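Throughout, my numbering is defined as the position within the sequence shown, counted from one, plus 12. Glycine included, every Cβ here is placed at the ideal spot set by N, Cα and C. Everything numeric in this text was worked out from a predicted model, so none of it was measured.
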Amino acid sequence: MPLNRVAASALLLFAPSFAAAQASSGWDSPRVDSIVRTAVARRLTQLSDTGLIDYQATAHGYLTFLVQLGTGFPTPPKIVRTDQVALEVYWRSPNLGKQRIIGRRDTTLLPTDIRYHRDHLGIVQNNFPNIIRLGDGDEVRDAPHPLSPAGLELYDYRIADSLRISIPGQTFDVYEVKVRPKDATKPRVVGALYLDRTSGQVVRMALSFTRAALIDPQLEDISIVLENALVGGRFWLPRHQEIEIRRTSTWFDYPIRGIIRGRWEVSDYQLNQHLSTFTFAGPTYDQAPPAALRRYPWTGNILDSLPPDVEVTTDEDVRRVQAEARALVRGQALRRAQSMRLAAHGLSDFAQVNRVQGLALGAGVEQRLTGPLWVAGHAQYGIDDHEWRGGGALRWRNGRGADVSLFARRVLADAHDEPQRSGVINSMAAQEFGSDATEPFDVKAAGVTATIPAAGFRWTVALSREEQRGVAVHATPAEGRFASTIGAPRYDPWHLALRADRDVPVKWQGAEFTWSVSGDAYRNTYDSLDYCPPSALLQACAAPARTLGRIAAIADVRRPFGDGGLELRSHTVAAFVGATDQGGRYVPPQFLVYLGGPLTAPGYALHLAGGTRGVSERVEARVPVPFVPISLGTFGRSPARATLAPFVNLAGLDPGVWTELPGGVTRWDHFLPSVGVGVIGLFGIVRLDVARGLKAGGRWTFNIDFAREFWSIL
13 MPLNRVAASA LLLFAPSFAA AQASSGWDSP RVDSIVRTAV ARRLTQLSDT GLIDYQATAH
73 GYLTFLVQLG TGFPTPPKIV RTDQVALEVY WRSPNLGKQR IIGRRDTTLL PTDIRYHRDH
133 LGIVQNNFPN IIRLGDGDEV RDAPHPLSPA GLELYDYRIA DSLRISIPGQ TFDVYEVKVR
193 PKDATKPRVV GALYLDRTSG QVVRMALSFT RAALIDPQLE DISIVLENAL VGGRFWLPRH
253 QEIEIRRTST WFDYPIRGII RGRWEVSDYQ LNQHLSTFTF AGPTYDQAPP AALRRYPWTG
313 NILDSLPPDV EVTTDEDVRR VQAEARALVR GQALRRAQSM RLAAHGLSDF AQVNRVQGLA
373 LGAGVEQRLT GPLWVAGHAQ YGIDDHEWRG GGALRWRNGR GADVSLFARR VLADAHDEPQ
433 RSGVINSMAA QEFGSDATEP FDVKAAGVTA TIPAAGFRWT VALSREEQRG VAVHATPAEG
493 RFASTIGAPR YDPWHLALRA DRDVPVKWQG AEFTWSVSGD AYRNTYDSLD YCPPSALLQA
553 CAAPARTLGR IAAIADVRRP FGDGGLELRS HTVAAFVGAT DQGGRYVPPQ FLVYLGGPLT
613 APGYALHLAG GTRGVSERVE ARVPVPFVPI SLGTFGRSPA RATLAPFVNL AGLDPGVWTE
673 LPGGVTRWDH FLPSVGVGVI GLFGIVRLDV ARGLKAGGRW TFNIDFAREF WSIL
């Protein structure tokens, strides 16, 4: 018997009647005790109800694996893989269940070897058994059901509301009953039950679990929503189900959250079909042969048919379950245990190559002292310059992304406002071809920094005392030779920095905007007139300016057009530096604005120019095109498409700055335009660019790198 209008109208859950008596609102009141005991008794007898011998149904669902990155996870989760599954569902009294996958297809957007537990590939029948397990017992194990006989002694209950469901010909009054464990340090359930006031039948369950119930230490939380529909005018059977499983870990020092979302719709019930015992033979979860799975008559594209909210945000019901779980149980009962771990921003903190250090090897650790207090340390040694660098920090941080640190460190800094390459690719280019796209100088610093998320931004403020020095080339590449360094003079400033990052896009007129703005103020405590900068042939010897100010901004704009995948993107880098006492003094080269490289001046040489004002603007169109799929073994198969990205770039510096260009020393008083095209493939991870500079000194350049979105962990 298919679900008819009577069952389907339960989609109108739940119009509130607000009729719960105030006397019944306390925890474990006589009224709620009576209601819960009725539900427990009904649960014990419903499996032997002679009116329901068996049923057969179909279920269609999605399993989606998503990833969030960054401190505080500021951006919406991104899809990595989606599976669409079709099931045949069987049940027979008293408690036999069988589910068979008859159709399955998937699409992988990023490489992953994820494998789902068997019970994630099916629905929950009978609102869970008396002892709840998930993930084949690897995720949740031995959590007593709140409507089991044992649960009556293990949980507290409270009537939160009285609701009314109206369907043609019938009206049902439902109690919303909150559930919390008496002992939150044990494996228990947290959430809400929606019970029919007359029969005690379960209409809906919204549950999460205490920390002790979660077996995997990387599990952050699990949220489940089970909704039932009235079938045959008598039986509340599964209609809609959702599950969200969140795991949190780090890629070195970069927070990563993996999310599995399941969403199921159950329909086409056929009651009392006198199913044979043979139907239930074998494992509970079964699957048709691969050839049969491929023959299933899917319609449309798998991504096109995804629920509209699964790509961007957590379902409202799941968010409500998570909020209720945290409100009902003490925070430590849900908190994930943490321990010592690697501390690094990315792969390059462990090994990198540049023209100053040659091969530099490093490692770091981070250890929680107590509560939100952590201590971290990192050390790095340059093989060619024989110098140790590194540092330590005492950090306080919470789960919302706030972070306060006391630090001391020595680092090899880069004068660029934005990296020109990923760390891994720059190391390979430096080692093999003498192409180091950094402008290095040495910095010793000690101070305090604080990061606070507020008003949609990540705000960072820092105060430090620094010692800045120039560095020399020590390394030798396999081929070619390294360019000289910028020759930074001694500079010992107090440094005050403020930065605002907008990671969550702002949407306006169909476009999405993200940006970051930073402001820096320096006050030098060391004053000397005995230094001549490398460009002394063009200016007299002078001392560095005592007081400097610097402003930099990086902005990205994304504007999709239509449904064909066409997208217009813009990337802007702009910076300005000035001094209050520049008369007779100069801006040290480590503070200048540097352009030149694959990102800010494609088609021109690296280390092209430095000035007091500069801007680089790139505009590109992204168009999906057919491409040859590539197998990555257990990590999936790349999509049979790539992205073509033709672009134009315009770079320019303050025309008053003398600049060394190919062909000799000259004054740059023009913007430098370039054109090129990029190809983005292999799950959108790898990008190949070909560019041509259109002014004097321009040339053909070729660059292969990871997509810029991945640079922060490389």
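Asked	Found
Backbone secondary structure at R711 - three-state DSSP	coil
Buried versus exposed, by CB contacts within 10 Å (16 or more), F714	exposed
Classification of D397 by the beta-carbon crowding that lies within 10 angstroms, buried from 16 upward	buried
Backbone CA spacing between E399 and A420 [nearest angstrom]	17 Å
Host beta strand (DSSP E) of V436 (start-end)	Taken as a continuous stretch (DSSP letters only), V436 belongs to no beta strand (DSSP E), being part of the alpha helix (DSSP H) at G435 to F445.
Whole-angstrom distance between V698 and L122, CA atom to CA atom	11 Å
Beta strand (DSSP E) runs wholly inside the segment 256-293, at least 3 long, in chain order	266-283
Cβ of I91 within 8 Å of any chain B Cβ	Within the model displayed, chain B is absent; a lone protein chain is all it includes.
For K110 and L99, the rounded distance between their alpha carbons	10 Å
Reduced DSSP category for R192 - H, G, I as helix; E, B as strand; rest coil	strand
8 Å Cβ cutoff met for L607 and S360	no
K90 versus A557: straight-line alpha-carbon distance, rounded	46 Å
P106 versus I65, T119 and R145, residue with shortest Cα-Cα distance	I65
Bridge partner(s) assigned by DSSP for K110	Y102
Collapsed DSSP secondary structure at F221 in the structure displayed	strand
Unbroken beta strand (DSSP E) run spanning E524, endpoints	A523 to N536
Residue range of the unbroken beta strand (DSSP E) whose run includes R130	Run containing R130: none; DSSP gives neither H nor E here.
Proximal residues to R130 (C-beta, below 7 Å), its chain only, five neighbours per side dropped	D148 and Y297
DSSP-derived helix/strand/coil call for I234	strand
T222 to A196 span [Cα, whole Å]	6 Å
Spatial neighbours of D185 in its chain, beta-carbon cut-off 6 Å, leaving aside the 5 residues before and after	R176 and R209
contact_flag[the segment 498-512, the segment 598-617] where n(CB pairs < 8 Å) is 3 or more	yes
Alpha-carbon to alpha-carbon, V201 and S434	45 Å
C-alpha distance - A652 paired with V92, whole-angstrom precision	16 Å
Residue of F639, D150 and R112 minimising C-alpha distance to A300	R112
Reduced DSSP secondary structure (H/G/I, E/B, other) of L122	coil
Start and end residues, alpha helix (DSSP H) containing A652	Per DSSP, A652 belongs to no alpha helix (DSSP H) and is neither H nor E.
Enclosing beta strand (DSSP E) for L305 [first to last residue]	Note, L305: premise wrong, no beta strand (DSSP E); alpha helix (DSSP H) at P302 to R306.
G163, enclosing beta strand (DSSP E) - first and last residue	No beta strand (DSSP E) holds G163; the alpha helix (DSSP H) holding it covers G163 to L166.
Under 8 Å between C-beta atoms of Y167 and I47	no
Environment of I236 [buried if 16+ CB atoms lie within 10 Å]	buried
Straight-line Cα distance separating L475 from Y128	47 Å
A53 vs G212 beta-carbon contact at 8 Å	yes
Rounded C-alpha distance that separates I227 from N138	23 Å
F247 to A462 span [Cα, whole Å]	57 Å
Distance, V702 Cα to R625 Cα	27 Å
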